[in-house]
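Asker: First the structure, which I've put down as structure tokens, then a few questions once you've had a look.
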Amino acid sequence: MKVTEVRPFPVRSLVLVRSAFFALAKIGAELHSYDEGQGIITARIARLEIGDMKIMGEEDIEMSIEERETTSLLKLTA
Numbered sequence: 088m089k090v091t092e093v094r095p096f097p098v099r100s101l102v103l104v105r106s107a108f109f110a111l112a113k114i115g116a117e118l119h120s121y122d123e124g125q126g127i128i129t130a131r132i133a134r135l136e137i138g139d140m141k142i143m144g145e146e147d148i149e150m151s152i153e154e155r156e157t158t159s160l161l162k163l164t165a
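Just so we're aligned: 139 in the working numbering is position 52 of the sequence shown, and the numbers increase by one with no gaps anywhere.
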């Protein structure tokens, strides 16, 4: 079952895309695609826990970032 979390961040989309990329690298994710200009990242991870979202086995995740005035929205689907 796919679960989606959307979180706002008070930074520009470029900052959020790069931060998400480095966070995935830190947890050992296997990167499938990365498009900094479009704000899209697809990767495979073994473990993740964010709020109600918990991944304990290998699973593909998709991140997309959308900029709105002074806020960027991070949409994480796993």
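Every residue gets a Cβ at the ideal spot worked out from N, C-alpha and C, and that includes glycine.
1) List the residues that DSSP assigns as beta-bridge partners of A130.
2) Just the C-alpha distance for V146 and R131, rounded to the nearest angstrom, thanks.
3) Relative to the C-alpha of E156, which residue among L103, V90, V102, P97 is closest?
4) Answer with buried or exposed for L163, where buried requires no fewer than 16 other C-beta atoms within 10 angstroms of its C-beta.
5) A165: buried (16+ other C-beta within 10 angstroms of its C-beta) or exposed?
Answerer: The short version:
1) Locating residue 130 in the sequence shown gives position 43, where the first residue counts as 1. Note: A130 sits in a beta bridge opposite L118, I148.
2) Stepping through the sequence shown from its first residue, residue 146 is reached at position 59. Stepping through the sequence shown from its first residue, residue 131 is reached at position 44. The sequence given here places Glu at residue 146; Val does not occur at that position. Just so you know, the alpha carbons of E146 and R131 end up roughly 5 Å apart.
3) Against the sequence shown, residue 156 aligns to sequence position 69. Distance from the Cα of E156 is smallest, within the candidate group L103, V90, V102, P97, for P97.
4) Residue mapping note: residue 163 aligns to position 76 of the sequence shown, counting from 1. By the neighbour-count rule (16 or more Cβ atoms within 10 Å), L163 is buried.
5) For the purposes of this step, residue 165 is identified with residue 78 of the sequence shown, where counting begins at 1. The residue in question, A165, is buried, as its Cβ has 16 or more Cβ neighbours within 10 Å.
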